[in-house]
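Visitor:
In the numbering used here, the protein residues as written are 188 to 646.
Structure (structure tokens):
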């Protein structure tokens, strides 16, 4: 019995010795049928495997890779964009053999003989160079997506479908380049990925914008070129704006600063109760027209200020002056759904409209009520250019205190609500008196200077 145990022990010991010797012998040798890419490195030592891989790599790296998209193609040597890390590639093979147990390593090697193993080489992409190539290709193949848009037909709305775009799929292309690096066929179709439009047809349809809710128009003098251009610029910016439910619309935030760099021209504005030229004159007509649209849609007015002087393009009490940085027009979308704002300039007419899910049942009427007229004060000034005894008059304008009302009709009942009480300042009548007037002049001596009347222009 003892003899049998001794024999078994010696046999086991012999086997272990053989396994250890084999493990030591094969430790630096790659198992059979191990490939890196298409290169068989089986049975080679690490040094020989590295030399063989390097030789084939240098050959493959010189061969061109062709990229194709429709009728366009680009060709470059692989070495321009890729490096093969030989050491790490070979190390990947021995990842299969990492085990602290000699017996486990022996078993793994035995199993590996029964099948073929392929290991992908470790590649280093030259990212800067690769990015330059991708950008060059993208300029040719890239298609920008197009958002779905609302299209107005009279007073109804339709939707123009979105168009998806596409762009080069850089990650996928890198994978494909790595895959064909060792093969004979080195031609690749360029993969692309779709770019979704920011606004799809489904997105717009979910807003349920179908019909006109309200509109308002004002007229302007189209012979005033600068003012007309400013109205067109501001109108174009707000055209197509979509107000979400409960959103607060800010005219200044939406239209932006009125500067020469943005195309705005010089035109008359009101500053310190005087009409003076400034960049952006006329934009207040856009804000005032929009203010009336908000009133007719029964939106909540958050911020609004009237002009200091009366203007002519809307009734008193229905204007809204703006000045970028300190005076704004703001209103809140309390309509109960999305609103599409349109603005259009045709000839001498500016028209703004709101489109929404349905027309309101209640009819709204806006009207002004002048509760006080403020006569222009009289100011006397000496004029040393006038002959003695002459008088020149610059006629002032009256001021007003105005109530603005909103009247609701729902078919049966009528309700009236005060919107605002506004004051418009008068401008003084100025009497320019000739020097050293010693006696009261007869009324027939008065010279009325019509050229100085306060009707030269408006904000």
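All C-beta atoms, glycine included, are put in the ideal place defined by N, C-alpha and C.
Using only CA atoms, which one of 595, 570, 488 lies nearest to residue 436?
Guide: Reading the chain shown from its first residue, position 249 is the one you call residue 436. For residue 436, the nearest C-alpha among the options comes from 488.
Visitor: Just mark residue 667 as buried or exposed, buried being the case when its beta carbon has 16 or more other beta carbons within 10 Å.
Guide: Residue 667 cannot be examined here, being either before or after the span of the chain that is shown, 188 to 646.
Visitor: Short check: CB of residue 558 to CB of residue 477, under 8 Å?
Guide: On the chain shown, position 371 is the one that residue 558 refers to. On the chain shown, position 290 is the one that residue 477 refers to. Not closer than 8 Å, so no.
Visitor: Could you tell me the distance, in whole angstroms, from the CA atom of residue 356 to the CA atom of residue 327?
Guide: The residue labelled residue 356 in the question sits at position 169 within the chain shown. The residue labelled residue 327 in the question sits at position 140 within the chain shown. Roughly 14 Å between the two C-alpha positions.
Visitor: Just to confirm, are residue 622 and residue 568 a CB contact at a threshold of 8 Å?
Guide: Taking the first residue of the chain shown as position 1, residue 622 is located at position 435. Taking the first residue of the chain shown as position 1, residue 568 is located at position 381. In this structure, residue 568 does not lie closer than 8 Å to residue 622 by Cβ.
Visitor: Under the rule that 16 or more other beta-carbon atoms within 10 Å means buried, what is residue 211, buried or exposed?
Guide: Counting from one through the chain shown, the residue named residue 211 turns up at place 24. Bear in mind that the predicted position of residue 211 carries a pLDDT of just 44, short of 50, making it unreliable; the figure below should be weighed with that in mind. So residue 211 ends up on the exposed side.
Visitor: Relative to the alpha-carbon of residue 494, which residue among 523, 458, 465 has its alpha-carbon at the smallest distance?
Guide: By 1-based counting over the chain shown, the position of residue 494 is 307. Nearest option by C-alpha distance: 458.
Visitor: Between the C-alpha atoms of residue 244 and residue 320, what's the straight-line distance to the nearest angstrom?
Guide: As a first step, residue 244 is located in the chain shown; it is residue number 57 there, counting from the start. As a first step, residue 320 is located in the chain shown; it is residue number 133 there, counting from the start. Spanning the two alpha carbons is a distance of roughly 22 Å.
Visitor: Tell me whether residue 571 is buried or exposed, calling it buried when 16 or more other Cβ atoms sit within 10 Å of its Cβ.
Guide: The residue labelled residue 571 in the question sits at position 384 within the chain shown. It counts as exposed.
Visitor: Touching or not, the segment 470 to 486 and the segment 526 to 540, by the rule of three or more beta carbon pairs under 8 Å?
Guide: Yes, the segment 470 to 486 is in contact with the segment 526 to 540.
Visitor: What residue range is occupied by the uninterrupted beta strand (DSSP E) comprising residue 354?
Guide: Within the chain shown, residue 354 is the residue found at index 167, counting from 1. Note, residue 354: beta strand (DSSP E), 352 to 355.
Visitor: Can you have a look at residue 518 and say buried or exposed, based on whether 16 or more other CB atoms are within 10 angstroms of its CB?
Guide: Numbered from 1 along the chain shown, position 331 holds the residue referred to as residue 518. The residue is buried, with at least 16 neighbouring Cβ atoms inside 10 Å.
Visitor: Determine the direct distance from the alpha carbon of residue 364 to that of residue 306, and round the result to whole angstroms.
Guide: As a working note, residue 306 is residue 119 in the chain shown. As a working note, residue 364 is residue 177 in the chain shown. If I take the Cα positions, the gap works out to 16 Å.
Visitor: Whole angstroms are fine: how far does the CA of residue 269 sit from the CA of residue 344?
Guide: Sequence index remark: in the chain shown, residue 344 carries index 157 (1-based). Sequence index remark: in the chain shown, residue 269 carries index 82 (1-based). Those two C-alpha atoms are separated by around 54 Å.
Visitor: Tell me the rounded alpha-carbon separation between residue 602 and residue 439.
Guide: Start at 1 with the first residue of the chain shown, and residue 602 comes out as number 415. Start at 1 with the first residue of the chain shown, and residue 439 comes out as number 252. Approximately 33 Å between the Cα atoms of the pair.
Visitor: Checking the sheet assignment: what are the DSSP bridge partners for residue 454?
Guide: Walking along the chain shown from the start, residue 454 turns up at place 267. Residue 454 pairs with 465.
Visitor: Let me check one thing: in DSSP terms, what residues is residue 552 bridge-paired to?
Guide: In the chain shown, the residue the question calls residue 552 occupies position 365. Residue 552 pairs with 594.
Visitor: What does DSSP give as the partner residues of residue 401 in its beta bridges?
Guide: Counting from 1 along the chain shown, the entry for residue 401 is found at position 214. DSSP output for residue 401 lists 541 as bridge partner(s).
Visitor: Within the same chain, show all residues whose beta-carbon is closer than 7 Å to that of residue 208, passing over the 5 residues directly before and after it, in chain order.
Guide: The residue given as residue 208 occupies position 21 in the chain shown. Residue placement at residue 208 is poorly supported in this model, since its pLDDT is 47, which falls under 50; the coordinates still yield a value, given next. Correct list: empty, nothing qualifies.
Visitor: From the DSSP output, in three-state form, read off residue 619 for me.
Guide: Taking the chain shown and counting its residues from 1, the one referred to as residue 619 is at position 432. Residue 619 falls in the strand class under three-state DSSP.
Visitor: Restricting to Cα atoms, I'd like to know which of 564, 588, 481, 529 is closest to residue 580.
Guide: By 1-based counting over the chain shown, the position of residue 580 is 393. Considering only alpha carbons, the answer is 564.
Visitor: With 16 as the cutoff for other CB atoms within 10 Å, does residue 506 come out buried or exposed?
Guide: As a working mapping, residue 506 is identified with position 319 in the chain shown. Label assigned to residue 506: buried.
Visitor: Any idea which residues DSSP pairs residue 259 with across the strands?
Guide: Within the chain shown, the letter at position 72 stands for residue 259. DSSP, once it has assigned bridges, lists 256 as partnering residue 259.
Visitor: Which whole-angstrom value is the C-beta distance of residue 373 and residue 250, which I expect to be below 8 Å?
Guide: Position 186 of the chain shown, counting from 1, holds the residue named residue 373. Position 63 of the chain shown, counting from 1, holds the residue named residue 250. Contact holds; Cβ gap of about 6 Å.
Visitor: Compare the Cα-Cα distances from residue 545 to each of 337, 333, 342 and report the closest residue.
Guide: Position 358 of the chain shown holds residue 545. Here the closest residue by C-alpha is 342.
Visitor: Exposed or buried, residue 221, counting other C-beta atoms within 10 Å across all chains shown (16 or more means buried)?
Guide: To locate residue 221, count along the chain shown from 1; it is residue 34. It is buried - the Cβ of residue 221 has at least 16 other Cβ atoms within 10 Å.
Visitor: Relative to the C-alpha of residue 410, which candidate in 454, 441, 369 has its C-alpha closest?
Guide: Within the chain shown, residue 410 is the residue found at index 223, counting from 1. Per the Cα distances, 454.
Visitor: On a CA-only basis, which of 227, 615, 386 is nearest residue 583? Give me that one, please.
Guide: Here the question's residue 583 lines up with position 396 in the chain shown. Selected option, being the one with the closest Cα: 615.
Visitor: Thinking C-beta only, is residue 555 closer than 8 Å to residue 589?
Guide: For the purposes of this step, residue 589 is taken as residue 402 along the chain shown, with counting starting at 1. For the purposes of this step, residue 555 is taken as residue 368 along the chain shown, with counting starting at 1. In contact: residue 589 and residue 555 (Cβ atoms closer than 8 Å).
Visitor: On the DSSP bridge list, what partners appear for residue 570?
Guide: Translated into the one-based positions of the chain shown, residue 570 becomes position 383. Looking at the DSSP assignment, residue 570 forms a beta bridge with 621.
Visitor: Which one or two residues does DSSP pair with residue 384 in a beta bridge?
Guide: For the purposes of this step, residue 384 is taken as residue 197 along the chain shown, with counting starting at 1. DSSP lists no partner for residue 384.
Visitor: Under three-state DSSP, which class holds residue 406?
Guide: Residue numbering aside, residue 406 sits at position 219 when the chain shown is read from its first letter. In this structure, residue 406 counts as strand in the three-state DSSP scheme.
Visitor: Tell me which same chain residues have a C-beta within less than 7 Å of the C-beta of residue 333, skipping the five on either side of it?
Guide: Here the question's residue 333 lines up with position 146 in the chain shown. Contacts found: 349, 350, 384.
Visitor: Mapping the DSSP letters down to three states, classify residue 189 as helix, strand or coil.
Guide: As a first step, residue 189 is located in the chain shown; it is residue number 2 there, counting from the start. In this structure, residue 189 counts as helix in the three-state DSSP scheme.
Visitor: Here's the rule I'm using: 16 or more other beta-carbon atoms within 10 Å means buried, otherwise exposed. How should residue 649 be labelled?
Guide: In the structure as shown, the chain starts at 188 and stops at 646, and residue 649 therefore has no counterpart that could be examined.
Visitor: Output needed for residue 624: all residues of its chain with C-beta closer than 7 Å, excluding positions within five of it in sequence on either side, in chain order.
Guide: The residue you call residue 624 lines up with position 437 of the chain shown. Here residue 624 scores only 46 on pLDDT, less than 50, and its place in the model is too uncertain to base an answer on.
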